[in-house]
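Visitor: Chains as they are written, first to last, in my numbering: chain A, 1 to 197; chain B, 1001 to 1197; chain C, 2001 to 2197.
Every residue, glycine too, gets a C-beta built ideally from N, C-alpha and C.
Computed from a predicted structure; not experimentally measured.
Next up is a structure, given as structure tokens.
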Amino acid sequence: MSPLKPGQALALFVVGAVGGLIGDAAHVQTGTTTYLSDAFPFIWESAIWFPLAVGLATVLTGDLRLRLGPVEPWQGERLREAATAIASVLAIYAVSALVSDRPEMAGTTLVVMLAVICVARFASGPPALICALAAAVLGPIAEIVLVEVGAARYGIDADGLFGVAVWLPALYFAFGAVVSRLTELLVAEPAADSATA
Amino acid sequence: MSPLKPGQALALFVVGAVGGLIGDAAHVQTGTTTYLSDAFPFIWESAIWFPLAVGLATVLTGDLRLRLGPVEPWQGERLREAATAIASVLAIYAVSALVSDRPEMAGTTLVVMLAVICVARFASGPPALICALAAAVLGPIAEIVLVEVGAARYGIDADGLFGVAVWLPALYFAFGAVVSRLTELLVAEPAADSATA
Amino acid sequence: MSPLKPGQALALFVVGAVGGLIGDAAHVQTGTTTYLSDAFPFIWESAIWFPLAVGLATVLTGDLRLRLGPVEPWQGERLREAATAIASVLAIYAVSALVSDRPEMAGTTLVVMLAVICVARFASGPPALICALAAAVLGPIAEIVLVEVGAARYGIDADGLFGVAVWLPALYFAFGAVVSRLTELLVAEPAADSATA
């Protein structure tokens, strides 16, 4: 059984699915990615399975985070932290779309460095870092399979890693750290620091 | 009478006017915006009323911040915080100029997410958030009027919101939070934390 | 004799040389800079003297930091701070490459503002600020000499400052603050805050 309660899993699913739709629209409109099949209906710019897959990946990452270690009590404003975390990974998503027609090295360096800053900011410790690394490995593998089966392709200046973009692991690395932080914000007890006086 | 002292109002006016000149130069040189009239003299790339209007908006936003709630004592280096706040909104201003010829979705996502991060970083509480929201509504309305009367226009890839850019409310949202923080830095008492020993 | 121990100097040299190679590859591939001579062998996209010079500049900046003032004990995770600092300056390096074909004002504004945020985040005090200012002056002078002697040139949209880019002092400004912070992380005693209980 998942350590996530149903309401927590639903919240992560919705955030992931909506965030995936927003980021994917930027990728499709810039030609970073192109869907090659219309076998499934589209929502906005995305085939319907894409936001569902990102929502599911978000839930699975949150589940993994809770299995890997306990969550410290949270001190501070949760909504502010959640907004910062979600906006950070979507900003990197948008940057990856905007650099997709430029020389791959410069864009990749930017996306990778932003992802490092994002993970250093939001990963609370080894369990969150493991989630980020797992996402950085498994996410691109899933997308390489999608390219292989002809469901989608990356643009000609953004396909240097077995058909997907070289910066894709970095984007998923940031995703894993952000989802870990969101999961922690959902389940953490309030900090008792003001009660110690 | 304004809760701002004359010297404080002047400081806000100068910061706003100079920042407006810098950001507007980036907008004009990238074709994000174009002035359609030379009825007024120009300073650098801007019609003279533009920096005056931004300076005035900065003072009015600071005035609103002080009317909406008290300012907590400030602990830390004010110049460092002020430099970070000003640089943050001008960085977003420059990003909006640089994305103005790219697909509107990707650029808009980036500017919106950067604005969310900026507001989450600098808005101290509900009064500052109200200032940010007020700027996000009133700033674009003022610019829509300027476009309607033929004073200026936005580029063809950056005019999706009644003739102004879709990301314009986000830029003003960040502006409102930054001006609130600058106002707080101008009027806050020093924190007494080191005096408690 | 340098206040840096040999192992500390070597660490700074390696970080600087590798970072210089990564950033320079982005500059070369975007046409921001072009080497005009093949008198020296190349590593990746760089003439071999470039990473050596950046590594040496990193050591000299760290040496200057220690001569200018004592280093406070460090509280917190050093690896997280070091990763954030290194990624920040390399992100700015990559941004400078990506804006090099756009109107110089907008790109320069973005690079300058990011550098201000970076210095405000990483400069611990006056000694670090002096290191950042020294780098901002001496780095571009060295590159202007390299352009003058015909070793390299900047692109036609990025040569507005005596043949080098107008944003180059800002990039070195961020570099100086980041190297100061890395040096502090290498030499600082652990903070005794948890031992006071």
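Would A/Gly119 be called buried (16 or more neighbouring beta carbons within 10 Å of its own) or exposed?
Guide: The sequence position of residue 119 of chain A within the first sequence is 119, counting from 1. Residue 119 of chain A is actually Val in this sequence, not Gly. Under this definition A/Val119 is a buried residue.
Visitor: What residues in the region 1063-1091 of chain B bring their beta carbon closer than 7 angstroms to a beta carbon of chain C?
Guide: Arg1080, Ala1083, Thr1084, Ala1087, Ser1088, Leu1090 and Ala1091
Visitor: B/Thr1196 to B/Leu1185, Cα distance in whole Å?
Guide: Indexing the second sequence from 1 puts residue 1196 of chain B at position 196. Indexing the second sequence from 1 puts residue 1185 of chain B at position 185. In this predicted model, B/Thr1196 has a pLDDT of only 44, less than 50, meaning its place in the structure is not dependable; the value taken from the coordinates is given anyway. Separation of B/Thr1196 and B/Leu1185 (C-alpha to C-alpha, rounded to the nearest whole angstrom) is 22 angstroms.
Visitor: Are at least three pairs of beta-carbons, each pair with one atom in the region 1100-1109 of chain B and one in the region 1158-1175 of chain B, less than 8 angstroms apart?
Guide: yes
Visitor: Consult DSSP for A/Ala195 and reduce its assignment to one of helix, strand or coil.
Guide: By one-based count along the first sequence, residue 195 of chain A stands at place 195. Unreliable placement is indicated for A/Ala195, whose pLDDT of 46 sits below 50; the coordinate value is still reported in the next sentence. It is helical.
Visitor: Please list the partners that C/Val2095 has in chain A, where partner means a Cβ-to-Cβ separation under 7 angstroms.
Guide: Here the question's residue 2095 of chain C lines up with position 95 in the third sequence. What C/Val2095 touches in chain A: Leu110.
Visitor: Is the beta carbon of A/Leu36 sitting closer than 8 angstroms to the one on A/Gly150?
Guide: If you number the first sequence from 1, residue 36 of chain A lands on position 36. If you number the first sequence from 1, residue 150 of chain A lands on position 150. It is a contact, given that the beta carbons lie within the stated cut-off.
Visitor: What number of angstroms, rounded off, separates the C-alpha of A/Ile48 from the C-alpha of A/Val54?
Guide: Residue 48 of chain A sits at position 48 when you count from the first residue of the first sequence. Residue 54 of chain A sits at position 54 when you count from the first residue of the first sequence. So the two alpha carbons sit approximately 11 angstroms from each other.
Visitor: Are the region 1082-1099 of chain B and the region 1167-1181 of chain B touching, with three or more C-beta to C-beta distances below 8 angstroms?
Guide: yes
Visitor: Kindly indicate if chain A contains any beta-carbon less than 8 angstroms away from that of C/Leu2168.
Guide: Here residue 2168 of chain C corresponds to residue number 168 of the third sequence, with the count starting at 1. By this cut-off, C/Leu2168 is not an interface position.
Visitor: Within its chain, find whatever has a CB closer than 7 angstroms to the CB of A/Asp24; leave out the 5 residues flanking it on each side and keep chain order.
Guide: Working through the first sequence from its first residue, we reach residue 24 of chain A at position 24. Once the five neighbours on either side are set aside, the close Cβ partners of A/Asp24 are Glu45, Ser46 and Phe50.
Visitor: Counting only Cβ pairs nearer than 7 angstroms, list the residues of chain C close to B/Gln1029.
Guide: As a working mapping, residue 1029 of chain B is identified with position 29 in the second sequence. Proximity of chain C to B/Gln1029 at the Cβ level (cut-off 7 angstroms) is accounted for by Pro2103, Met2105 and Ala2106, in chain order.
Visitor: From A/Thr183 to A/Ala87, what distance separates their C-alpha atoms?
Guide: Counted from its first residue, the first sequence places residue 183 of chain A at position 183. Counted from its first residue, the first sequence places residue 87 of chain A at position 87. Their backbone Cα atoms lie some 16 angstroms apart in a straight line.
Visitor: Is the CB of C/Ile2156 under 8 angstroms away from at least one CB in chain B?
Guide: Position 156 of the third sequence holds residue 2156 of chain C. At a cut-off of 8 angstroms between beta-carbon atoms, C/Ile2156 makes no contact with chain B.
Visitor: Cβ of B/Val1119 within 7 angstroms of any heavy atom in the ligand HEM?
Guide: Because no ligand of any kind appears in the structure shown, any question about the ligand HEM cannot be addressed here.
Visitor: Tell me which residues share the same chain as B/Leu1171 and place their Cβ nearer than 7 angstroms to its Cβ, disregarding the 5 neighbours each side in the sequence.
Guide: For the purposes of this step, residue 1171 of chain B is identified with residue 171 of the second sequence, where counting begins at 1. Excluding positions up to five away in sequence, the list reads Ile1092, Tyr1093, Ser1096, Val1111 and Ala1115.
Visitor: When the cut-off is 8 angstroms and only beta carbons count, does C/Ile2043 lie next to chain A?
Guide: The residue you call residue 2043 of chain C lines up with position 43 of the third sequence. Chain A, which has no Cβ nearer than 8 angstroms to the Cβ of C/Ile2043, makes this no.
Visitor: Return the CA-CA distance between A/Glu143 and A/Gly176, expressed in angstroms with no decimal places.
Guide: Indexing the first sequence from 1 puts residue 143 of chain A at position 143. Indexing the first sequence from 1 puts residue 176 of chain A at position 176. Cα to Cα, the separation comes out at about 16 angstroms.
Visitor: Could you spell out where the beta strand (DSSP E) holding C/Ala2152 opens and where it closes?
Guide: Here residue 2152 of chain C corresponds to residue number 152 of the third sequence, with the count starting at 1. Start and end: Ala2152 to Tyr2154.
Visitor: Buried or exposed: which applies to C/Asp2159, given that a residue is buried once 16 or more other Cβ atoms fall within 10 Å of its Cβ?
Guide: Within the third sequence, numbered from 1, the residue matching residue 2159 of chain C stands at position 159. Buried is the call here.
Visitor: List the DSSP bridge partners of A/Pro190.
Guide: The sequence position of residue 190 of chain A within the first sequence is 190, counting from 1. Paired residues: A/Trp74.
Visitor: Counting only beta-carbon separations shorter than 8 angstroms, does C/Ile2117 have a partner in chain B?
Guide: Locating residue 2117 of chain C in the third sequence gives position 117, where the first residue counts as 1. Yes, C/Ile2117 lies at the interface with chain B (some Cβ there is under 8 angstroms from its Cβ).
Visitor: Would the region 75-90 of chain A and the region 128-146 of chain A be scored as touching if the rule is three or more Cβ pairs under 8 angstroms?
Guide: no
Visitor: Compare the C-beta of C/Leu2098 against all C-beta atoms of chain A and say whether one is closer than 8 angstroms.
Guide: Within the third sequence, the letter at position 98 stands for residue 2098 of chain C. C/Leu2098 counts as touching chain A.
Visitor: Pop quiz: C/Ala2009 and C/Val2059 are said to be a contact at Cβ under 8 angstroms. What is the actual Cβ separation, rounded to whole angstroms?
Guide: As a working note, residue 2009 of chain C is residue 9 in the third sequence. As a working note, residue 2059 of chain C is residue 59 in the third sequence. Going by Cβ atoms, the distance from C/Ala2009 to C/Val2059 rounds to 5 angstroms, so yes, they are a contact pair.
Visitor: Please go through the same chain and pick out, in chain order, the residues whose beta-carbon is closer than 8 angstroms to the beta-carbon of C/Gly2020, but skip the five residues on each side of it.
Guide: The residue labelled residue 2020 of chain C in the question sits at position 20 within the third sequence. Ser2046, Phe2050, Pro2051, Ala2053, Val2054 and Gly2055.
Visitor: From B/Ala1083 to C/Ile2117, what does the alpha carbon distance come to, in whole angstroms?
Guide: Position 83 of the second sequence, counted from the start, is the residue given in the question as residue 1083 of chain B. Position 117 of the third sequence, counted from the start, is the residue given in the question as residue 2117 of chain C. The straight-line gap from Cα to Cα measures roughly 7 angstroms.
Visitor: So for B/Ile1048, helix, strand or coil by DSSP?
Guide: The residue you call residue 1048 of chain B lines up with position 48 of the second sequence. In the structure shown, B/Ile1048 sits in coil (DSSP, three-state: anything other than H, G, I, E or B).
Visitor: List, from N- to C-terminal side, the beta strand (DSSP E) runs of 3 residues or more that fit wholly inside the region 110-177 of chain A.
Guide: 152-154
Visitor: For A/Pro73, which residues in the same chain have their Cβ closer than 7 angstroms to its Cβ, ignoring the five residues on either side in sequence?
Guide: Locating residue 73 of chain A in the first sequence gives position 73, counting from the first residue. Ala188, Glu189, Pro190, Ala191 and Ala192, listed in sequence order.
Visitor: Quick check on A/Leu161 - is its C-beta less than 8 angstroms from some C-beta in chain C?
Guide: Position 161 of the first sequence, counted from the start, is the residue given in the question as residue 161 of chain A. Cβ-Cβ to chain C under 8 angstroms: no for A/Leu161.
Visitor: Is DSSP giving C/Phe2042 helix, strand or coil here?
Guide: Position 42 of the third sequence, counted from the first residue, corresponds to residue 2042 of chain C. DSSP places C/Phe2042 in strand when its eight states are reduced to three.
Visitor: I want to verify the contact list: residues of chain A whose CB lies under 8 angstroms from the CB of C/Ala2123, in sequence order.
Guide: Locating residue 2123 of chain C in the third sequence gives position 123, counting from the first residue. Those do not exist, as C/Ala2123 stays about 17 angstroms from chain A at its closest Cβ, beyond 8 angstroms.
Visitor: Taking a cut of 9 angstroms between CB atoms, which residues from the region 3-31 of chain A lie near chain B?
Guide: Ile22, Gly23, Ala25, Ala26, His27, Val28, Gln29, Thr30 and Gly31
Visitor: Within 10 Å of its beta-carbon, does A/Phe122 have 16 or more other beta-carbons around it, so buried, or fewer, so exposed?
Guide: Residue mapping note: residue 122 of chain A aligns to position 122 of the first sequence, counting from 1. Per the 10 Å Cβ criterion, buried.
Visitor: Check B/Thr1084 in the structure and name its three-state DSSP category.
Guide: Counting from 1 along the second sequence, the entry for residue 1084 of chain B is found at position 84. If DSSP states are grouped into helix, strand and coil, B/Thr1084 belongs with the helices.
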